[in-house]
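Participant:
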Amino acid sequence: MAEYETFTGLYWHSSEPTITSFDVGGSEIKRSVIDNYFSIETTGNRFCIGYFDSDTESRIPCLDMALIQQHERQGSQCPVCTQKSRGSFVAKTGKITTEYNRSLLKYRHIVYIASFGDQSSVKVGVARQSRYSDRIHEQGATAAAVIAYAAEGVAARGIEKAISEHLNIKQSVRYQEKIKNILNNDTREAAYSRLKLCQERIEQTLLDQNIVYDDFIFASPDYRIQESAIGEIIHFIDKLDSISYIGGRVIGILGKIALFHVGGACYAINTKILEGREMRIQTHTDTTVGKVFGIHTKKVAINRQQGLF
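Numbering-wise, the numbering used here puts 154 at position 146 of the sequence shown, and it's gapless, one number per residue.
(1) What's the gap between the Cα of Ile303 and the Cα of Ser252?
(2) According to DSSP, is Lys331 part of a helix, a strand, or is it coil?
(3) In whole angstroms, what separates the C-alpha of Phe224 from that of Leu18?
(4) So what does DSSP say about Ser6, is it helix, strand or coil?
(5) Counting along the chain, where does the beta strand (DSSP E) carrying Thr213 start and finish?
(6) Given a threshold of 16 other Cβ atoms within 10 Å of its Cβ, counted over all protein chains shown, does Phe301 qualify as buried or as exposed?
(7) Cα separation between Val134 and Ala10?
(8) Skipping 5 residues on each side, what residues in its chain have a beta carbon closer than 7 Å to that of Glu49?
(9) Indicate the three-state DSSP secondary structure (helix, strand or coil) for Asp63 in the structure shown.
(10) Hey, out of Pro25, Asp63, Leu75, whose CA is closest to Val32's CA?
(11) Could you have a look at Glu173 and say whether DSSP puts it in helix, strand or coil?
(12) Measuring CA to CA, which of Lys299, Gly58, Gly284, Phe226 is closest to Thr14?
(13) So for Ala10, helix, strand or coil by DSSP?
(14) From the DSSP output, read off the bridge partner residues of Met287.
(15) Which parts of the segment 118-152 are runs of the alpha helix (DSSP H), unbroken and 4 residues or longer, counting only runs that do not cross its ends?
(16) Can you tell me whether Pro87 is buried or exposed, with buried defined as 16 or more other CB within 10 angstroms of its CB?
(17) By DSSP, does Asn264 sit in helix, in strand, or in coil?
(18) Answer yes or no: the CB of Thr51 versus the heavy atoms of the ligand GDP, is any distance below 8 Å?
(19) I think Thr150 touches Ala227, with their Cβ atoms under 8 Å apart; what is that distance to the nearest whole Å?
(20) Any contact of the segment 185-197 with the segment 156-168, i.e. 3+ C-beta pairs under 8 Å?
(21) Select from Ala170, Ala164, Leu175, Arg165 the residue whose C-alpha is nearest the C-alpha of Ser129.
(22) So the alpha helix (DSSP H) Lys186 belongs to, where does it begin and stop?
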């Protein structure tokens, strides 16, 4: 019987997805899941997932292995580790309260635009330059391009805000929209053209900014979506009972969304809702793993229309 672990997240590095967890001793475990039969079995417990160290770009386990109480269930960190993760809050909001917070944004940043399929929206975002490719893959974007550079995060966030306000370009795309358009991915050429048109609009509007069109990424093939296993409906798991089980063949990873084929149906789960959960995680070599229980789903109809490009 597999030992219990604390799930800490699904991350991308060098165009490859990995799920990570801490064992009972606080050692990190990393697994590749695409093309495997895979299962997770949760208990009712949730523990702090530690914090991400921006300097070493590694996750540090919670010293107390703190149990997340029922009234704290919206989060996956204890107060101490939350404070140590202030860099994420500052990067998202641009609000700086201490010199330490400012130091977290000292790294060179980029502003990018990203598309999510030929029937979906274009969004604008910000990332540390060294994490650009990983960030695009973590969001499940079809393609992206850099449109501006900034010496630090607050300046990049200001450019992003101006683009969003002046051109009505989103700063986020909902998971349901990403799933709905999962089969409507552009070709490389069409995605490049769509983003280039958007960049030209931005360049013509923000005349006081140095708008560029660099480092185009076409990420769609890296998600390895097995389209033949996807029907008209995807069952999107949006809630888990305390005791739950998900097991099946992994047929793709779209950003942080894992796709399972179970009993002729396709299930999708945003792995963010797994963070901090105590569970058994196993890979398998056969179909006996294929079952689900203790889950709540919403049906998402797949968009099969073709775009204009």
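Glycine included, C-beta positions come from ideal geometry on N, C-alpha and C.
Facilitator: To lay it out plainly:
(1) 6 Å
(2) What the structure shows of the chain is the stretch from 9 to 317, and residue 331 is not part of that stretch, so it cannot be assessed.
(3) 24 Å
(4) Because the chain in this structure spans residues 9 to 317, residue 6 falls outside the shown range and cannot be described.
(5) Careful: Thr213 lies outside any beta strand (DSSP E), inside the alpha helix (DSSP H) at 196-213.
(6) exposed
(7) 39 Å
(8) Tyr253, Met287, Arg288
(9) coil
(10) Leu75
(11) helix
(12) Gly284
(13) coil
(14) Glu13, Thr50
(15) 140-147
(16) exposed
(17) Residue identity check: residue 264 is Lys in the sequence provided, not Asn. Reduced to three states, the DSSP call for Lys264 is coil.
(18) In terms of ligand content, the structure shown is empty, and the ligand GDP therefore cannot be addressed.
(19) 7 Å
(20) no
(21) Leu175
(22) 183-188
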